[in-house]
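In full-length UniProt numbering, the protein residues as written are 1 to 202.
Shown next as structure tokens:
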């Protein structure tokens, strides 16, 4: 014969066991959810913040000209040029000294020094530099130059290479080099640098 008190005690014990099981299930679900959340955060962090991207270096514009002598027999231009270094990383890009070279149909006609500095994270660093372009006599005496001047458009190209290092959270570092390769047109009548197009070369 089962005493009423024993039945109540057994029922209470079963209820307590069930509550403990429910609590364990809840805690297990919480832990699983936390692990999934943490994994998602780590994946997102590694795919965005921790991802190293190659900055971009290009000619942006020529704001004005201090000298503008473009003729069939001569070419002497001093243009105030703006360069841009676009850094989309979540950390600064520190780069060393470099030089930008300008060409007319493969012949170098000018260069400008770029001092070492840094482009802050998620920013475009703008550099305003005076660039002197002078063509040698042998160049301006050929028919191709004469035809370009007569058309009113002088095609130019610029190349350069920046070498530097990206720092993320002051801990993670990676070396990155940027190659500039831009084409542009010098409009003689308008005295403007137009149609600037730059390719990304890794």
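All C-beta atoms, glycine included, are put in the ideal place defined by N, C-alpha and C.
Since the structure is predicted, the reported quantities are computational estimates derived from the model, not experimental observations.
Secondary structure of residue 85 (DSSP, three-state): strand. Runs of beta strand (DSSP E) with 3 or more residues, each lying fully within the segment 64 to 139, are found at 74 to 87, 93 to 95, 98 to 104, 107 to 114, 117 to 119 and 123 to 134, listed in chain order. Closest in C-alpha terms to residue 172, from the list 191, 89 and 62, comes 89. Taking all protein chains shown into account, residue 93 has 16 or more neighbouring C-beta atoms within 10 Å of its C-beta and is therefore buried. Secondary structure at residue 54: coil, using DSSP grouped into helix, strand and coil. In this structure residue 196 does not touch residue 154 by the C-beta definition: roughly 14 Å separates them, more than the 8 Å allowed. At the C-beta level, residue 163 and residue 111 stay beyond 8 Å of one another. Classified as buried, residue 166 has 16 or more neighbouring CB atoms from the shown chains inside 10 Å of its CB.
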